[in-house]
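Here's the structure, in structure tokens; my notes come after.
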Amino acid sequence: MAKAGIKGRVAAVQGPVVDVRFSSGQDVPNIFSIIHTKSVDGQLIVLEVAEHLPGNIARCIAINSTINLQRQAEAVVVDDAVKIPAGEGLYGRLINVIGQPIDQKGEVRCQEAVSIRRPDMGSFVRMNQDKSKK
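Each residue of the sequence shown is one higher than the one before, counting from 627 in this note's numbering.
Rendered as structure tokens:
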């Protein structure tokens, strides 16, 4: 379950890797949770939690550019996974990796959103295709 609304602060930025510090260990969001922060110029930066580090830190991977992201920027947990729109309203549309439209046709109108993470399908078993006669 997501810990939506919990706030932290950007502790470090190293390219697409961003460390976010929270006030307590219980506030650190789950792996694959989504955190929003903003750059100095107000651009939304979407982070996905990849790892938990000592010191109440969530190590995240940025889904979009971290240009102008500064340390101590406020970061807010918003969801438990990256979700994109799904359904009839998506036909003929172009969206980015976080489900936002990039085709200048306005908002994508879909009733549901699905996680980009799918459950493990298990291992595949190779079937014997040798059809030699006995």
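Glycine included, each C-beta is placed from N, C-alpha and C at the ideal position.
* Other residues of its chain near R697: CB distance less than 6 Å, five sequence neighbours each side excluded -> Scanning its chain for C-beta atoms nearer than 6 Å, with the 5 sequence neighbours on each side dropped, one finds around R697 the residues V636, in chain order.
* Asked: Excluding five sequence neighbours on each side, which residues of the same chain lie with their C-beta closer than 6 Å to the C-beta of S715?
  -> Note on residue identity: the sequence assigns Gly, not Ser, to residue 715. Leaving aside the five residues that flank G715 on each side, the residues in its chain whose CB is nearer than 6 Å to its CB run, in chain order, V734, R735, C736.
* Return yes when the Cβ of I660 is within less than 8 Å of the Cβ of V723, no when it is not. => Pairing V723 with I660 gives a Cβ-Cβ distance that is not under 8 Å.
* CB of P655 within 8 Å of CB of K633, strictly -> By the CB criterion at 8 Å, P655 and K633 fall outside the cutoff.
* Asked: Across which residues does DSSP place I687 in a beta bridge pair?
  -> Under DSSP, I687 takes part in a beta bridge, and its partners are V643, E674.
* To do: With a 10 Å radius around its C-beta and 16 neighbouring C-beta atoms as the bar for buried, classify D667 as buried or exposed.
  => By the Cβ neighbour-count rule, D667 is exposed, with fewer than 16 other Cβ atoms within 10 Å of its own.
* Taking just the CA atoms, how far does Q652 sit from A688? -> Each residue's Cα considered, the two are about 22 Å apart.
* Straight-line CA distance for D706 to N694? -> About 25 Å.
* To do: Tell me whether the beta-carbon of V646 lies closer than 8 Å to the beta-carbon of I683.
  => A contact, by the Cβ cut-off of 8 Å.
* **Where the beta strand (DSSP E) containing E700 begins and where it ends** => Annotation: the continuous beta strand (DSSP E) that includes E700 extends over 700–705.
* To do: Could you give the DSSP three-state label for G681: helix, strand or coil?
  => It is coil, neither helix nor strand.
* With DSSP as the reference, please indicate the residues paired to K731 in a beta bridge. => By DSSP's assignment, K731 forms no beta bridge with any residue.
* **Selected residue, minimal CA-CA separation from A699, among L720, Y717, E674, Q669** => With respect to the C-alpha of A699, the residue from L720, Y717, E674, Q669 having the closest C-alpha is Q669.
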